[in-house]
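Number of protein chains: 2
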Amino acid sequence: MRVRWALEEVGQPYHVRLLTFKAMKEPAHLALHPFGQIPTYEEGDLALFESGAIVFHIAERHAGLLPDDANARARSIAWMFAALNTVEPPIFDRALASIFERDEPWYEQRLRALEDSIRQRLEQLSGRLGDADWLDGAFSAGDLLMVSVLLRLKGSGLLDEYPNLSAYVARGEARPAYKRAFDAQLAVFIAASTG
Amino acid sequence: MRVRWALEEVGQPYHVRLLTFKAMKEPAHLALHPFGQIPTYEEGDLALFESGAIVFHIAERHAGLLPDDANARARSIAWMFAALNTVEPPIFDRALASIFERDEPWYEQRLRALEDSIRQRLEQLSGRLGDADWLDGAFSAGDLLMVSVLLRLKGSGLLDEYPNLSAYVARGEARPAYKRAFDAQLAVFIAASTG
Numbered sequence: 001m002r003v004r005w006a007l008e009e010v011g012q013p014y015h016v017r018l019l020t021f022k023a024m025k026e027p028a029h030l031a032l033h034p035f036g037q038i039p040t041y042e043e044g045d046l047a048l049f050e051s052g053a054i055v056f057h058i059a060e061r062h063a064g065l066l067p068d069d070a071n072a073r074a075r076s077i078a079w080m081f082a083a084l085n086t087v088e089p090p091i092f093d094r095a096l097a098s099i100f101e102r103d104e105p106w107y108e109q110r111l112r113a114l115e116d117s118i119r120q121r122l123e124q125l126s127g128r129l130g131d132a133d134w135l136d137g138a139f140s141a142g143d144l145l146m147v148s149v150l151l152r153l154k155g156s157g158l159l160d161e162y163p164n165l166s167a168y169v170a171r172g173e174a175r176p177a178y179k180r181a182f183d184a185q186l187a188v189f190i191a192a193s194t195g
Numbered sequence: 001m002r003v004r005w006a007l008e009e010v011g012q013p014y015h016v017r018l019l020t021f022k023a024m025k026e027p028a029h030l031a032l033h034p035f036g037q038i039p040t041y042e043e044g045d046l047a048l049f050e051s052g053a054i055v056f057h058i059a060e061r062h063a064g065l066l067p068d069d070a071n072a073r074a075r076s077i078a079w080m081f082a083a084l085n086t087v088e089p090p091i092f093d094r095a096l097a098s099i100f101e102r103d104e105p106w107y108e109q110r111l112r113a114l115e116d117s118i119r120q121r122l123e124q125l126s127g128r129l130g131d132a133d134w135l136d137g138a139f140s141a142g143d144l145l146m147v148s149v150l151l152r153l154k155g156s157g158l159l160d161e162y163p164n165l166s167a168y169v170a171r172g173e174a175r176p177a178y179k180r181a182f183d184a185q186l187a188v189f190i191a192a193s194t195g
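Listed in order, the protein sequences are those of chains A and B.
Here the first sequence stands for residues 1 to 195, numbered as in the UniProt record's numbering.
Here the second sequence stands for residues 1 to 195, numbered as in the UniProt record's numbering.
Listed below in structure tokens is the structure:
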């Protein structure tokens, strides 16, 4: 979704290639992605991995995802790293724990600890966002990644504790490019589920 | 260390400002870093946070940390994101758990799970590096961040299981710029500890 969304924001066409979990661990894919994950990105001779790097590559080559002003551009890149390195880790850990540690005797205690970490980040992010629409001026690749990270919290109730963050995420989802990416992703999911 | 090392690689002078843990949570610092962490970076009117974004900013403005070829540059940026988003999280979690979860009922099991995750990443990274000196051609900001992430494993014994990664880290530490950064950081530490 992150890469699709970025491509839709800048109006670049793309072709999607789906992979089975098995194929992700095979040599052909490991040549593209050393850690056997998705997404990867191919454009001519270039093969990239890491969604942050792919979104940055798209943002650097096409107008619409990074500001022209050099300082504003650097700050937008800082928000890209912050979304992936500072905000996402406890959110990702919570998702993993809720799958793999659900039956452990310590599950409730660990879940509370992870949710405390998430709340601390959300509190700080909420404070910084205030009543602005986006994190630093106009919508940028930093917002794209931050919204996509916060979307992982849907259904957890955690986002509802911070009305300005809920509104921020809703603004992201309301963008036409997000909707096009979501619809395209959903179509693939439905086709794969029924095919 | 990451920012120091980057500045030493490109030969830019810098001034260090130390912070107490208390000052990190105060409004003056939160204005620079929304999540109340270090490092931050100031250059004229620009204030940045997130070590990945700071290293990238330095690498983009000065020769020596990113290749000139556009595709090689994009791949180097992918390794920056990979170091921070894919390799570091389980290494960081292990360090945190060994401090804060040592007395929890889940500690042994969680430590084993984290070390399995770390080994999986190291195995994949070792496979990709092979017998090359650096991850993709010449030393770049991707190597700088990857070596700095792997250095967190010193003393764990985990790195010793992958001789080519141990040698890779040693090559990083042997760089004159790394040594200058390390010596400068150590001098600050000694001064702060005895002052």
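Quick reminder that beta carbons are idealized off the backbone N, C-alpha and C, glycines included.
Cross-chain neighbours of R110 (chain A) in chain B, by beta carbon under 7 Å: W106
Does the region 55-66 of chain B come within contact of the region 7-15 of chain B, defined as at least 3 CB pairs closer than 8 Å? yes
Counting contacts by CB-CB distance shorter than 8 Å, is Q12 (chain A) in contact with chain B? no
Proximal residues to H29 (chain B) (C-beta, below 8 Å), its chain only, five neighbours per side dropped: L19, A23, G36 and T40
Examine chain B for any beta-carbon lying closer than 8 Å to the beta-carbon of E50 (chain A), and answer yes or no. yes
Are L48 (chain B) and A78 (chain A) touching if we call contact CB-CB under 8 Å? yes
So if I threshold CB-CB distances at 7 Å, which residues from the UniProt domain "GST N-terminal" (1-66) of chain B count as touching chain A? P34, F35, G36, D45, L46, L48, F49, E50, G52, A53, F56 and H57
From B:S193, B:M80 and B:L96, pick the residue whose C-alpha is nearest to that of H57 (chain A); which is it? B:M80
How is the alpha helix (DSSP H) around A187 (chain A) delimited, first residue to last? P176 to T194
Going by DSSP, what residue range makes up the alpha helix (DSSP H) through E173 (chain B)? P163 to E173
With a cut-off of 8 Å, do at least 3 Cβ pairs link the region 146-161 of chain A to the region 115-123 of chain A? yes
Flag P176 (chain A) as yes if its beta-carbon sits less than 8 Å from any beta-carbon of chain B, otherwise no. no
The alpha helix (DSSP H) enclosing F35 (chain A), as first and last residue numbers: Looking at the DSSP string, F35 (chain A) is not in any alpha helix (DSSP H), and its letter there is neither H nor E.
For N85 (chain A), count neighbouring C-beta atoms within 10 Å of its own C-beta (all shown protein chains included) and say buried if the count is 16 or more, exposed if not. buried
What does T86 (chain A) touch in chain B if you count any residue whose Cβ is under 8 Å from its own? F35, Q37 and E50
Between the region 100-113 of chain A and the region 137-154 of chain A, do three or more beta carbon pairs fall short of 8 Å? no
Where E9 (chain A) sits in the DSSP three-state scheme: helix
Grab me the residues of V169 (chain B)'s own chain with a C-beta within less than 7 Å of its C-beta, minus the 5 sequence neighbours each way, in chain order. V147, L150, L151 and L159
Give the residues of chain A in contact with L125 (chain B), contact being defined as C-beta atoms less than 7 Å apart. P34
What is the rounded straight-line gap between the Cα of V16 (chain A) and the Cα of P90 (chain B)? 30 Å
Could one say the Cβ of P163 (chain B) lies closer than 8 Å to chain A's Cβ atoms, at least one of them? no
Integer-rounded CB distance, given that S76 (chain A) should sit under 8 Å from D136 (chain A): 6 Å
Nearest chain A C-beta to R180 (chain B) closer than 8 Å, yes or no? no
Do you know how far the Cα of S193 (chain B) is from the Cα of G172 (chain B)? 27 Å
When A:D133, A:E101, A:A167 and A:P105 are compared against A113 (chain B), the one with the closest alpha-carbon: A:E101
Does DSSP put F139 (chain A) in a helix, a strand or coil? coil
Please report the straight-line C-alpha distance between E43 (chain B) and E88 (chain B), rounded to a whole angstrom. 27 Å
With 8 Å as the threshold, decide whether the Cβ of F91 (chain A) is near any Cβ in chain B. Per the sequence shown, the amino acid found at residue 91 (chain A) is Ile instead of Phe. So, not an interface residue.
Report the partner residues of E50 (chain A) according to the DSSP bridge assignment. DSSP lists no partner for E50 (chain A).
Around the Cβ of A187 (chain B), are there at least 16 other Cβ atoms within 10 angstroms (buried) or fewer (exposed)? exposed
Let me know the secondary structure DSSP gives E26 (chain A) once reduced to three states. coil
Considering only the alpha carbon of each residue, which of B:I99, B:L153 and B:L165 lies closest to I126 (chain B)? The displayed chain sequence assigns Ser, not Ile, to residue 126 (chain B). Closest option to S126 (chain B), Cα to Cα, is B:L165.
My understanding is that R128 (chain B) touches P34 (chain A), with C-beta atoms under 8 Å, so please give their C-beta distance in whole angstroms. 4 Å
Helix, strand or coil: how does DSSP classify E43 (chain B) here? strand
Take the Cβ of residue 201 (chain B) as the centre, count every other Cβ of all protein chains shown within 10 Å, and call the residue buried at 16 or more, exposed below. In the structure as shown, chain B starts at 1 and stops at 195, and residue 201 (chain B) therefore has no counterpart that could be examined.
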